[in-house]
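Asks: Pasting a structure here, questions to come.
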Amino acid sequence: MVCFIFANRLSDRAGIKFIYMAAKTDLFQSPDYFNVDDLLTEEQKMIRDTVRNYVKKEISPIIEDYAQRAEFPEHIVKQMGDIGCFGPTVPEQYGGGGLDYISYGLMMQELERGDSGVRSTASVQGSLVMYPIYAYGSEEQRMKYLPKLASGEWLGCFGLTEPNHGSDPSSMLTNIRDNGDDYVILNGAKMWISNAPFSQVAVVWAKDEAGIIRGMVVERGMEGFSTPTTHGKWSLRASATGELVFDNVKVPKANIFPNVQGLKGPLGCLTKARYGIAWGAVGAAMDCYHTALEYSKERIQFGKPIGAFQLQQKKLAEMVTEITKAQLLNWRLGVLMDEGKATPQQVSMAKRNACEIATQICRDARQMLGGMGITGEYPVMRHMMNLESVITYEGTHDIHLLITGMDVTGFNAFK
Ligand code: TGC
Ligand code: FAD
């Protein structure tokens, strides 16, 4: 409603008519230039359409307003749990969806078509919180946490990055000390943690006395554990970001993951989440392409639609080409994931490619919308700013390039 009034005011002032009002109803249609739909099963298409309809009904009408106010729409957590967006690949006996990786990718594509922050909430919950509990946890840990996380009753977060250790998490300082009883003592701080201010549980990575990285579940309410909110973001404004501060927190030894040690623990989770981002960023790109295409057919300058000018057609043609290439790359990666053959390096390439093309498409779309492109009347500027986080988190653009570089040359540029 707030946005609607804003639209009227803008239109009145500028003397412009209904072209701007069209943005109020989400009429998104996905580009599918190479009939990628033919590669999907009926079930995958149904899952994709369910999430698409959810986004149209529940996310698109509210998200601009929440982003403008830099507020997290907490109520969507339960909604996303209800439609199965949390832990779709986790087995059903733990509350997950038991689905394939292409279905998971399509879900992330549709959520991020709505907003990267909404997809972030689901990525963190499913790939960075539920996945490690499922893959590295004890049966007791699985039964205690997974059903509540899958349903959206609880929200979780993932603490790896520290104030002085981002791209290089192996140098982390957060640590646990064993006092010989049933608890370890956790000290340190994590920074830039999605979902942190609203989370009931945090999956935290810390070094033991031997310097070995261990993962554990820290619960809100444990004495000495706090989650201050990070303010002042120009990106992912509808997603809550915070710190995790541990001041002599007594964590039960029963909360430590028994089945993984070392950096491969958190990096294994990141492979799953980066896979979801590869699909998600394409969703944001699709939304910007669709918006720019429709606008170009309606906006008249020099007596004809701007879409009739060659320069604008070049932008649209390049957008749909890059979206199509990324769709096919993601689909093939999904097949490899389902076959258990995908490598982390392939996932890095897909994440990096999707972020690259999506940021460029959003910037071009914003320019095609002229002055209107900088307003919240259209989703483009919000996507564009969100993607500055997406291209940075889960491994920066340059880190993923170096991962590919190492894979093809055999030389490790990190060491
Ligand atoms: P390195 O010596 O290469 O590897 C250590 C061990 O890990 C294994 N490994 C992986 N395992 C699974 N998946 C991967 N992607 C893996 N990459 C490496 C590796 O085989 C080795 O295993 P082992 O058995 O020999 O011990 O480690 P390194 O210290 O040299 O670091 C390599 C580097 C730079 C690639 C890595 O540190 C890295 O990826 N850095 C980027 C950090 C990052 O992505 N942080 C993300 C934080 S979480 C986040 O951003 C969430 S945002 C969520 C949202 O809101 O959506
Ligand atoms: P730095 O590592 O300091 O990098 C700065 C620059 O140096 C980058 O351009 C980088 O590419 C470059 N650089 C670094 N090393 C090299 C090298 N070897 N060679 C060449 N260039 C290099 N983390 C979590 O643990 N959990 C979360 O939920 C989470 N959510 C996030 C949400 C948001 C909105 C943001 C912005 C970040 C989030 N992060 C989270 C943190 C994110 O993963 C880090 O920001 C990211 O890994 C980069 O770390 P950094 O910011 O410390 O940058």
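Per my numbering, residue 1201 is the first one in the sequence shown, and the count goes up by one each step. Beta carbons: idealized from backbone N, C-alpha and C, even for Gly.
In chain order, what residues of the same chain lie with their CB nearer than 8 Å to the CB of V1449, ignoring the 5 residues before and after it?
Replies: Taking the first residue of the sequence shown as position 1, residue 1449 is located at position 249. Cβ neighbours of V1449 beyond the five flanking positions: I1385, L1386, N1387, V1418, M1422, E1423, G1424 and F1425.
Asks: Label A1565 either buried or exposed according to how many other C-beta atoms from any shown protein chain fall within 10 Å of its C-beta, with 16 as the threshold for buried.
Replies: Stepping through the sequence shown from its first residue, residue 1565 is reached at position 365. Per the 10 Å Cβ criterion, buried.
Asks: Does DSSP put S1230 in a helix, a strand or coil?
Replies: The count along the sequence shown starts at 1 and reaches residue 1230 at position 30. It is coil, neither helix nor strand.
Asks: Given N1455, which residues of its chain have a CB within under 6 Å of its CB, disregarding the five upstream and five downstream residues?
Replies: On the sequence shown, residue 1455 is found 255 positions in, with the first residue counted as 1. Closer than 6 Å at the Cβ level, and outside the excluded window around N1455, lie M1416 and V1417.
Asks: Could you tell me whether the segment 1368-1386 touches the segment 1320-1332, using the rule of 3 or more Cβ pairs below 8 Å?
Replies: no
Asks: Note down, in chain order, each residue of its chain lying with its Cβ closer than 6 Å to the Cβ of S1399, except the 5 sequence neighbours on either side.
Replies: Counted from its first residue, the sequence shown places residue 1399 at position 199. These residues qualify, in order along the chain: L1355, G1356 and C1357.
Asks: Quick check: the segment 1312-1326 against the segment 1570-1586, are there 3 or more CB pairs under 8 Å?
Replies: yes
Asks: Below 8 Å between beta carbons: does that hold for M1486 and P1231?
Replies: Translated into the one-based positions of the sequence shown, residue 1486 becomes position 286. Translated into the one-based positions of the sequence shown, residue 1231 becomes position 31. Yes; because the gap between Cβ atoms is below 8 Å, this pair is in contact.
Asks: Using C-beta distances below 6 Å, list every residue in its chain close to W1479, excluding the 5 sequence neighbours before and after it, in chain order.
Replies: Looking up residue 1479 in the sequence shown gives position 279. The residues are G1305, M1308, Q1309 and N1530.
Asks: Tell me where the beta strand (DSSP E) around S1394 begins and ends.
Replies: Here residue 1394 refers to the residue found at position 194 when the sequence shown is read from its first residue. Y1383 to S1394 is the extent of the beta strand (DSSP E) around S1394.
Asks: Is it true that the CB of S1435 sits closer than 8 Å to the CB of S1589?
Replies: Within the sequence shown, numbered from 1, the residue matching residue 1589 stands at position 389. Within the sequence shown, numbered from 1, the residue matching residue 1435 stands at position 235. Yes, these two residues count as a Cβ contact at 8 Å.
Asks: Is it the case that the segment 1495-1506 contacts the segment 1224-1244, given that we only count it when at least three CB pairs across the two stretches are under 8 Å?
Replies: no
Asks: Output yes or no for whether 8 Å exceeds the beta carbon distance between K1278 and G1352.
Replies: For the purposes of this step, residue 1278 is taken as the residue at position 78 of the sequence shown. For the purposes of this step, residue 1352 is taken as the residue at position 152 of the sequence shown. Going by C-beta atoms, K1278 is nearer than 8 Å to G1352.
Asks: Roughly how far, in whole angstroms, is the beta-carbon of Y1254 from the beta-carbon of D1538, given that I think they are within contact range, below 8 Å?
Replies: Counting from 1 along the sequence shown, the entry for residue 1254 is found at position 54. Counting from 1 along the sequence shown, the entry for residue 1538 is found at position 338. Not quite, the Cβ-Cβ distance comes to about 24 Å (not below 8 Å), so this is no contact.
Asks: Roughly how many angstroms separate the alpha carbons of K1472 and P1332, rounded to a whole number?
Replies: Here residue 1472 is taken as the residue at index 272 of the sequence shown, counted from 1. Here residue 1332 is taken as the residue at index 132 of the sequence shown, counted from 1. Distance between the alpha carbons of K1472 and P1332 is about 10 Å.
Asks: How big is the Cα-Cα spacing for Y1578 and K1453?
Replies: Counting from 1 along the sequence shown, the entry for residue 1578 is found at position 378. Counting from 1 along the sequence shown, the entry for residue 1453 is found at position 253. Their backbone Cα atoms lie some 49 Å apart in a straight line.
Asks: Please tell me whether M1585 has its Cβ less than 8 Å away from any Cβ of chain B.
Replies: No chain B appears in the structure shown, which is made up of a single protein chain.
Asks: Name the DSSP beta bridge partners of K1407, please?
Replies: Here the question's residue 1407 lines up with position 207 in the sequence shown. K1407 is bridged to N1375 and I1413.
Asks: According to DSSP, simplified to helix, strand and coil, what is K1515?
Replies: Within the sequence shown, numbered from 1, the residue matching residue 1515 stands at position 315. In the structure shown, the three-state DSSP call for K1515 is helix.
Asks: In angstroms, rounded to a whole number, what distance separates the CA positions of D1382 and E1340?
Replies: Here residue 1382 is taken as the residue at index 182 of the sequence shown, counted from 1. Here residue 1340 is taken as the residue at index 140 of the sequence shown, counted from 1. Near 16 Å, if we compare the C-alpha coordinates of E1340 and D1382.
Asks: Check this for me: beta carbons of E1443 and I1393, under 8 Å apart or not?
Replies: Taking the sequence shown and counting its residues from 1, the one referred to as residue 1443 is at position 243. Taking the sequence shown and counting its residues from 1, the one referred to as residue 1393 is at position 193. In contact: E1443 and I1393 (Cβ atoms closer than 8 Å).
Asks: Name the DSSP bridge partner or partners of L1444?
Replies: Locating residue 1444 in the sequence shown gives position 244, counting from the first residue. Beta-bridge pairing links L1444 to K1390.
Asks: Given this structure, state the Cα-to-Cα distance separating F1228 from Y1266, to the nearest angstrom.
Replies: If you number the sequence shown from 1, residue 1228 lands on position 28. If you number the sequence shown from 1, residue 1266 lands on position 66. Those two C-alpha atoms are separated by around 20 Å.
Asks: Could you check the C-alpha separation between G1605 and R1552 for me, to the nearest Å?
Replies: Counting from one through the sequence shown, the residue named residue 1605 turns up at place 405. Counting from one through the sequence shown, the residue named residue 1552 turns up at place 352. Distance between the alpha carbons of G1605 and R1552 is about 13 Å.
Asks: Taking DSSP's pairing of strands, which residues face E1362 in a bridge?
Replies: By one-based count along the sequence shown, residue 1362 stands at place 162. The bridge partners DSSP lists for E1362 are H1365.
Asks: Under the DSSP definition of a beta bridge, which residues are partnered with Q1501?
Replies: Walking along the sequence shown from the start, residue 1501 turns up at place 301. DSSP, once it has assigned bridges, lists K1504 as partnering Q1501.
Asks: What does the alpha-carbon distance come out to for the pair V1608 and M1549?
Replies: For the purposes of this step, residue 1608 is taken as residue 408 along the sequence shown, with counting starting at 1. For the purposes of this step, residue 1549 is taken as residue 349 along the sequence shown, with counting starting at 1. Taking the straight line joining both Cα atoms gives about 12 Å.
Asks: Using a Cβ-Cβ cutoff of less than 6 Å, which residues in the same chain neighbour F1611 once the five nearest sequence positions on both sides are dropped?
Replies: On the sequence shown, residue 1611 is found 411 positions in, with the first residue counted as 1. Excluding positions up to five away in sequence, the list is empty.
Asks: Taking the continuous alpha helix (DSSP H) assigned at P1347, which residues delimit it?
Replies: For this step, residue 1347 is matched to residue 147 along the sequence shown. That run of the alpha helix (DSSP H) goes E1339 to S1351.
Asks: Helix, strand or coil for V1637, going by three-state DSSP, please let me know.
Replies: Coverage of the chain is limited to positions 1201 through 1615, which leaves residue 1637 absent and any answer about it impossible.
Asks: Considering only the alpha carbon of each residue, which of A1481, K1515 and A1406 lies closest to S1320?
Replies: As a first step, residue 1320 must be located in the sequence shown, where it is residue number 120. Nearest C-alpha to S1320: A1481.
Asks: Could you pull the start and end residues of the alpha helix (DSSP H) that H1275 belongs to?
Replies: Here residue 1275 refers to the residue found at position 75 when the sequence shown is read from its first residue. Counting along the chain, H1275 falls outside any alpha helix (DSSP H), and DSSP gives it neither H nor E.
Asks: Given R1162, which residues of its chain have a CB within under 7 Å of its CB, disregarding the five upstream and five downstream residues?
Replies: Lying outside 1201 to 1615, the shown extent of the chain, residue 1162 is not represented and no answer is given.
Asks: Does DSSP classify E1312 as helix, strand or coil?
Replies: In the sequence shown, counting from the first residue as 1, residue 1312 sits at position 112. Residue state, collapsed to three classes: helix.
Asks: Quick one: residues in its chain with C-beta nearer than 6 Å to the C-beta of R1420, no 5 flanking neighbours on either side, listed in chain order?
Replies: Within the sequence shown, numbered from 1, the residue matching residue 1420 stands at position 220. Counting only Cβ-Cβ distances below 6 Å, and skipping sequence neighbours, we find Q1400.
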